[in-house]
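Peer 1:
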Amino acid sequence: MSLPSDARTTVTAGSGGFGGVKKAVESDGCGGGGGSERAVGFVGLGAMGAGMAAALVKQGFAVKGFDVYPPACEKLKAAGGAAAASAADAAEGAPVVVLMIATSQQAEAALFGNQGALDALPRAAVVVLCSTVPPDFACSLGRKLAAQGEAWELVDAPVSGGVACAADGGTLTIMASAAPAALAKARPVLEAMSVHLYTVGDQPGAGSMMKMVNQLLAGVHVLAAAEAMALAARAGLNPRMVFDVVSHAAGN
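In this note's numbering, the protein residues as written are 4 to 255.
#1: With which residues is Ala42 paired in a DSSP beta bridge?
#2: Check this for me: beta carbons of Val43 and Phe64, under 8 Å apart or not?
#3: Is any heavy atom of the ligand ZN found at a distance shorter than 7 Å from the C-beta of Ala209?
#4: Looking at Ala75 and Leu114, is the spacing between their C-beta atoms short of 8 Å?
#5: Closer than 6 Å by C-beta to Asp139: which residues in its own chain qualify, once you throw out the five before and the five after it? Chain order, please.
#6: In the DSSP assignment, find the unbroken alpha helix (DSSP H) run with Met244 in it and report its ends.
#7: Between the Cα of Gly210 and the Cα atoms of Ala227, Leu132, Lys80, Gly165, which residue gives the shortest distance?
#8: Going by the DSSP bridge assignment, what does Ala179 pair with across the sheet?
#9: How many whole angstroms separate the CB atoms of Gly84 and Ala56, which I take to be in contact at a CB cut-off of 8 Å?
#10: Run the CB neighbour count on Gly204, radius 10 Å, all protein chains shown included, and call it buried at 16 or more, exposed below.
#11: To the nearest angstrom, how far is the alpha carbon of Ala50 from that of Gly145?
#12: Buried or exposed for Gly54, please, with buried defined as at least 16 other CB atoms from any protein chain shown within 10 angstroms of its CB.
#13: Nearest-angstrom Cα distance between His224 and Asp122?
#14: Does Ser89 come out as helix, strand or coil in the three-state DSSP assignment?
#15: Let me know the secondary structure DSSP gives Leu114 once reduced to three states.
#16: Taking 8 Å as the cut-off, decide whether the C-beta atoms of Tyr201 and Ala181 are in contact.
#17: Is Asp159 helix, strand or coil by DSSP?
#18: With Leu102 as the anchor, note down where its beta strand (DSSP E) starts and where it stops.
#19: What did DSSP end up calling Val225 once you bin it into helix, strand or coil?
#20: Could you check which residue in Thr135, Ala167, Thr174, Ala195 has the C-alpha nearest to that of Met213?
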(Lines of atoms letter the chains of each structure in order from A and count residues from 1; the text may use other names and numbers.)
(Lines give C-alpha, C1' and ligand atoms only; values in the text may rest on other atoms or scores of the structure.)
Protein backbone atom coordinates (compact mmCIF):
# COMPACT_ATOMS: atom_id res chain seq x y z
CA MET A 1 0.00 0.00 0.00
CA SER A 2 1.40 3.38 -0.97
CA LEU A 3 0.78 6.25 1.41
CA PRO A 4 0.86 9.96 0.71
CA SER A 5 3.78 11.81 2.28
CA ASP A 6 1.55 13.44 4.90
CA ALA A 7 0.10 10.18 6.24
CA ARG A 8 1.14 7.54 8.71
CA THR A 9 -0.02 3.93 8.99
CA THR A 10 -1.15 3.00 12.48
CA VAL A 11 -2.25 -0.42 13.64
CA THR A 12 -3.60 -1.15 17.10
CA ALA A 13 -3.59 -4.64 18.57
CA GLY A 14 -7.13 -5.96 18.54
CA SER A 15 -8.27 -3.57 15.81
CA GLY A 16 -9.07 -6.35 13.39
CA GLY A 17 -5.65 -7.76 12.48
CA PHE A 18 -4.42 -7.03 9.00
CA GLY A 19 -7.82 -5.61 8.15
CA GLY A 20 -7.54 -3.13 10.98
CA VAL A 21 -4.98 -0.86 9.36
CA LYS A 22 -5.88 2.78 9.77
CA LYS A 23 -4.38 5.74 7.91
CA ALA A 24 -3.81 8.71 10.17
CA VAL A 25 -2.77 12.20 9.15
CA GLU A 26 0.19 13.48 11.13
CA SER A 27 -0.63 15.27 14.35
CA ASP A 28 0.25 18.89 14.94
CA GLY A 29 2.36 17.80 17.88
CA CYS A 30 2.10 16.98 21.56
CA GLY A 31 -1.36 18.16 22.46
CA GLY A 32 -1.43 20.29 19.32
CA GLY A 33 0.04 23.28 21.13
CA GLY A 34 3.35 25.09 21.12
CA GLY A 35 6.08 25.89 23.61
CA SER A 36 7.01 23.20 26.11
CA GLU A 37 4.32 20.85 24.75
CA ARG A 38 6.48 20.41 21.64
CA ALA A 39 9.73 20.05 23.58
CA VAL A 40 11.46 16.68 23.24
CA GLY A 41 14.54 15.49 25.07
CA PHE A 42 16.65 13.06 23.06
CA VAL A 43 19.43 10.87 24.46
CA GLY A 44 21.58 8.96 21.98
CA LEU A 45 22.54 10.68 18.73
CA GLY A 46 24.36 7.87 17.01
CA ALA A 47 23.76 6.36 13.57
CA MET A 48 20.03 5.90 14.23
CA GLY A 49 19.36 8.57 16.84
CA ALA A 50 20.83 11.41 14.78
CA GLY A 51 18.36 10.85 11.97
CA MET A 52 15.43 10.36 14.33
CA ALA A 53 16.19 13.58 16.21
CA ALA A 54 16.61 15.48 12.93
CA ALA A 55 13.25 14.14 11.73
CA LEU A 56 11.61 15.55 14.86
CA VAL A 57 13.22 18.94 14.23
CA LYS A 58 11.86 18.90 10.67
CA GLN A 59 8.39 18.22 12.06
CA GLY A 60 8.60 21.32 14.24
CA PHE A 61 9.57 19.84 17.59
CA ALA A 62 12.02 21.67 19.85
CA VAL A 63 14.60 18.93 20.27
CA LYS A 64 17.39 19.10 22.84
CA GLY A 65 19.74 16.17 22.47
CA PHE A 66 22.62 14.61 24.34
CA ASP A 67 25.29 12.13 23.32
CA VAL A 68 28.55 11.14 24.97
CA TYR A 69 30.25 11.95 21.63
CA PRO A 70 30.27 15.79 21.43
CA PRO A 71 30.40 16.03 17.60
CA ALA A 72 27.01 14.24 17.51
CA CYS A 73 25.52 17.09 19.55
CA GLU A 74 27.04 19.61 17.15
CA LYS A 75 25.46 17.75 14.25
CA LEU A 76 22.04 18.10 15.90
CA LYS A 77 22.66 21.83 16.37
CA ALA A 78 23.46 22.14 12.67
CA ALA A 79 20.13 20.44 11.90
CA GLY A 80 18.22 23.00 14.00
CA GLY A 81 18.13 21.29 17.38
CA ALA A 82 19.84 22.21 20.63
CA ALA A 83 22.78 20.48 22.29
CA ALA A 84 22.49 19.33 25.90
CA ALA A 85 25.36 18.99 28.36
CA SER A 86 23.93 15.82 29.93
CA ALA A 87 20.92 13.52 29.84
CA ALA A 88 19.44 15.59 32.67
CA ASP A 89 19.90 18.76 30.64
CA ALA A 90 18.16 17.15 27.67
CA ALA A 91 15.20 16.06 29.83
CA GLU A 92 14.66 19.38 31.61
CA GLY A 93 11.21 20.73 30.77
CA ALA A 94 10.49 18.00 28.20
CA PRO A 95 7.17 16.10 28.49
CA VAL A 96 8.63 13.38 26.25
CA VAL A 97 12.18 12.02 26.37
CA VAL A 98 13.41 9.59 23.73
CA LEU A 99 16.21 7.10 24.42
CA MET A 100 18.01 5.68 21.38
CA ILE A 101 21.11 4.04 22.80
CA ALA A 102 22.79 0.71 22.31
CA THR A 103 22.12 -1.41 25.38
CA SER A 104 19.84 -1.84 28.36
CA GLN A 105 22.75 -0.95 30.65
CA GLN A 106 23.19 2.36 28.83
CA ALA A 107 19.46 3.04 29.05
CA GLU A 108 19.53 2.44 32.80
CA ALA A 109 22.51 4.78 33.21
CA ALA A 110 20.95 7.47 31.02
CA LEU A 111 17.93 7.56 33.30
CA PHE A 112 19.21 6.72 36.79
CA GLY A 113 22.94 7.46 36.59
CA ASN A 114 24.93 10.57 37.40
CA GLN A 115 23.26 13.54 35.66
CA GLY A 116 20.68 11.09 34.34
CA ALA A 117 17.43 12.19 32.79
CA LEU A 118 15.41 11.52 35.93
CA ASP A 119 17.32 14.27 37.73
CA ALA A 120 15.35 16.82 35.70
CA LEU A 121 12.43 14.97 34.11
CA PRO A 122 9.13 16.82 34.70
CA ARG A 123 6.38 15.12 36.66
CA ALA A 124 4.09 12.92 34.52
CA ALA A 125 6.57 12.91 31.63
CA VAL A 126 6.88 9.95 29.27
CA VAL A 127 10.10 8.09 28.50
CA VAL A 128 10.14 6.55 25.01
CA LEU A 129 12.61 3.67 24.81
CA CYS A 130 13.48 3.07 21.15
CA SER A 131 16.51 0.88 21.80
CA THR A 132 16.52 -2.84 21.10
CA VAL A 133 16.50 -4.42 24.56
CA PRO A 134 15.30 -7.69 26.14
CA PRO A 135 11.53 -7.68 26.75
CA ASP A 136 12.07 -8.41 30.45
CA PHE A 137 14.19 -5.28 30.77
CA ALA A 138 11.47 -3.13 29.21
CA CYS A 139 8.94 -4.58 31.67
CA SER A 140 11.18 -3.98 34.68
CA LEU A 141 12.11 -0.48 33.56
CA GLY A 142 8.45 0.44 33.26
CA ARG A 143 7.83 -0.77 36.81
CA LYS A 144 10.92 1.03 38.11
CA LEU A 145 9.85 4.33 36.57
CA ALA A 146 6.35 4.00 38.00
CA ALA A 147 7.79 3.29 41.45
CA GLN A 148 9.54 6.67 41.57
CA GLY A 149 6.28 8.38 42.56
CA GLU A 150 6.48 11.06 39.86
CA ALA A 151 3.80 9.62 37.55
CA TRP A 152 6.47 8.81 34.97
CA GLU A 153 5.55 6.22 32.35
CA LEU A 154 7.48 4.17 29.83
CA VAL A 155 6.61 3.65 26.18
CA ASP A 156 8.42 0.57 24.87
CA ALA A 157 8.94 1.54 21.22
CA PRO A 158 11.77 -0.25 19.37
CA VAL A 159 12.29 0.73 15.75
CA SER A 160 13.14 -1.02 12.50
CA GLY A 161 14.25 0.22 9.12
CA GLY A 162 17.90 1.07 9.52
CA VAL A 163 19.91 4.26 9.25
CA ALA A 164 18.46 5.27 5.88
CA CYS A 165 14.88 5.23 7.16
CA ALA A 166 15.88 7.04 10.35
CA ALA A 167 17.42 9.86 8.33
CA ASP A 168 14.81 9.96 5.57
CA GLY A 169 12.37 12.33 7.23
CA GLY A 170 11.09 9.77 9.72
CA THR A 171 10.19 6.67 7.69
CA LEU A 172 10.87 4.03 10.32
CA THR A 173 8.59 1.25 11.48
CA ILE A 174 7.87 1.50 15.21
CA MET A 175 6.32 -1.24 17.33
CA ALA A 176 5.04 0.35 20.52
CA SER A 177 3.51 -0.91 23.73
CA ALA A 178 2.44 1.16 26.73
CA ALA A 179 -0.52 2.14 28.83
CA PRO A 180 -3.02 3.98 26.61
CA ALA A 181 -2.53 7.33 28.37
CA ALA A 182 1.25 7.15 28.01
CA LEU A 183 0.99 6.18 24.37
CA ALA A 184 -1.37 9.09 23.72
CA LYS A 185 1.23 11.52 25.09
CA ALA A 186 4.01 10.01 23.00
CA ARG A 187 2.04 9.40 19.80
CA PRO A 188 2.82 12.72 18.04
CA VAL A 189 6.54 12.11 18.59
CA LEU A 190 6.30 8.49 17.43
CA GLU A 191 4.35 9.47 14.34
CA ALA A 192 6.91 12.13 13.44
CA MET A 193 9.66 9.49 13.43
CA SER A 194 7.80 6.76 11.57
CA VAL A 195 5.75 5.87 8.55
CA HIS A 196 4.37 2.69 10.12
CA LEU A 197 3.37 2.83 13.79
CA TYR A 198 2.03 -0.34 15.40
CA THR A 199 0.54 -0.57 18.89
CA VAL A 200 1.24 -4.16 19.89
CA GLY A 201 0.28 -4.10 23.58
CA ASP A 202 -0.86 -1.99 26.50
CA GLN A 203 2.19 -2.53 28.72
CA PRO A 204 5.97 -2.21 28.16
CA GLY A 205 7.58 -5.44 27.00
CA ALA A 206 5.30 -6.35 24.11
CA GLY A 207 7.07 -3.90 21.79
CA SER A 208 10.46 -5.42 22.57
CA MET A 209 9.04 -8.93 22.12
CA MET A 210 7.77 -7.91 18.68
CA LYS A 211 11.23 -6.56 17.86
CA MET A 212 12.73 -9.89 18.93
CA VAL A 213 10.45 -11.73 16.52
CA ASN A 214 11.39 -9.29 13.75
CA GLN A 215 15.12 -9.71 14.44
CA LEU A 216 14.80 -13.49 14.42
CA LEU A 217 13.32 -13.36 10.94
CA ALA A 218 15.86 -10.76 9.78
CA GLY A 219 18.71 -13.02 10.89
CA VAL A 220 17.24 -16.05 9.17
CA HIS A 221 16.79 -14.08 5.94
CA VAL A 222 20.40 -12.87 6.00
CA LEU A 223 21.71 -16.39 6.61
CA ALA A 224 19.55 -17.91 3.86
CA ALA A 225 20.57 -15.20 1.39
CA ALA A 226 24.26 -15.78 2.15
CA GLU A 227 23.90 -19.52 1.60
CA ALA A 228 22.04 -18.98 -1.66
CA MET A 229 24.66 -16.57 -2.99
CA ALA A 230 27.45 -18.96 -2.00
CA LEU A 231 25.70 -21.76 -3.91
CA ALA A 232 25.36 -19.54 -6.96
CA ALA A 233 29.03 -18.59 -6.85
CA ARG A 234 30.13 -22.23 -6.55
CA ALA A 235 27.95 -23.06 -9.54
CA GLY A 236 29.72 -20.41 -11.61
CA LEU A 237 26.84 -17.94 -11.83
CA ASN A 238 27.54 -14.23 -11.90
CA PRO A 239 26.70 -13.00 -8.36
CA ARG A 240 25.55 -9.59 -9.62
CA MET A 241 23.24 -11.26 -12.11
CA VAL A 242 21.91 -13.60 -9.42
CA PHE A 243 21.17 -10.65 -7.17
CA ASP A 244 19.33 -8.84 -9.97
CA VAL A 245 17.27 -11.88 -10.95
CA VAL A 246 16.29 -12.77 -7.39
CA SER A 247 15.43 -9.14 -6.65
CA HIS A 248 12.79 -9.31 -9.37
CA ALA A 249 11.57 -12.83 -8.70
CA ALA A 250 9.85 -14.84 -5.99
CA GLY A 251 13.12 -15.41 -4.16
CA ASN A 252 13.18 -11.79 -3.02
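Glycine included, each C-beta is placed from N, C-alpha and C at the ideal position.
Peer 2: The answer reads as follows:
#1: What you label residue 42 is simply residue 39 of the sequence shown in a count that begins at 1. The partner list for Ala42 (beta bridge, DSSP) reads Ala65.
#2: On the sequence shown, residue 43 is found 40 positions in, with the first residue counted as 1. On the sequence shown, residue 64 is found 61 positions in, with the first residue counted as 1. Yes, the Cβ-Cβ distance between Val43 and Phe64 is below 8 Å.
#3: Only the bare structure without any ligand can be found here, which leaves the ligand ZN out of the picture.
#4: Along the sequence shown, read from residue 1 onward, the residue named residue 114 stands at position 111. Along the sequence shown, read from residue 1 onward, the residue named residue 75 stands at position 72. No.
#5: For the purposes of this step, residue 139 is taken as the residue at position 136 of the sequence shown. Around Asp139: no qualifying Cβ.
#6: Within the sequence shown, residue 244 is the residue found at index 241, counting from 1. Where Met244 is concerned, the enclosing alpha helix (DSSP H) stretches over 242–250.
#7: Walking along the sequence shown from the start, residue 210 turns up at place 207. Looking at the Cα atoms, Leu132 is the closest of the given residues.
#8: The residue labelled residue 179 in the question sits at position 176 within the sequence shown. Ala179 is bridged to Thr202.
#9: Counting from 1 along the sequence shown, the entry for residue 84 is found at position 81. Counting from 1 along the sequence shown, the entry for residue 56 is found at position 53. Going by Cβ atoms, the distance from Gly84 to Ala56 rounds to 6 Å, so yes, they are a contact pair.
#10: Here residue 204 refers to the residue found at position 201 when the sequence shown is read from its first residue. Flag for Gly204 reads buried.
#11: Locating residue 50 in the sequence shown gives position 47, counting from the first residue. Locating residue 145 in the sequence shown gives position 142, counting from the first residue. Cα-Cα distance, rounded: 26 Å.
#12: Within the sequence shown, residue 54 is the residue found at index 51, counting from 1. Under this definition Gly54 is a buried residue.
#13: Counting from one through the sequence shown, the residue named residue 224 turns up at place 221. Counting from one through the sequence shown, the residue named residue 122 turns up at place 119. Rounded to whole angstroms, His224 to Asp122 spans 43 Å at the Cα level.
#14: Your numbering for residue 89 matches position 86 in the sequence shown. Coil.
#15: The count along the sequence shown starts at 1 and reaches residue 114 at position 111. Leu114: helix per DSSP, three-state reduction.
#16: Along the sequence shown, read from residue 1 onward, the residue named residue 201 stands at position 198. Along the sequence shown, read from residue 1 onward, the residue named residue 181 stands at position 178. Going by C-beta atoms, Tyr201 is not nearer than 8 Å to Ala181.
#17: Translated into the one-based positions of the sequence shown, residue 159 becomes position 156. The answer is strand: DSSP assigns Asp159 an E or B state.
#18: Locating residue 102 in the sequence shown gives position 99, where the first residue counts as 1. Segment 99–102, the beta strand (DSSP E) holding Leu102.
#19: The count along the sequence shown starts at 1 and reaches residue 225 at position 222. Helix.
#20: Sequence index remark: in the sequence shown, residue 213 carries index 210 (1-based). Selected option, being the one with the closest Cα: Thr135.
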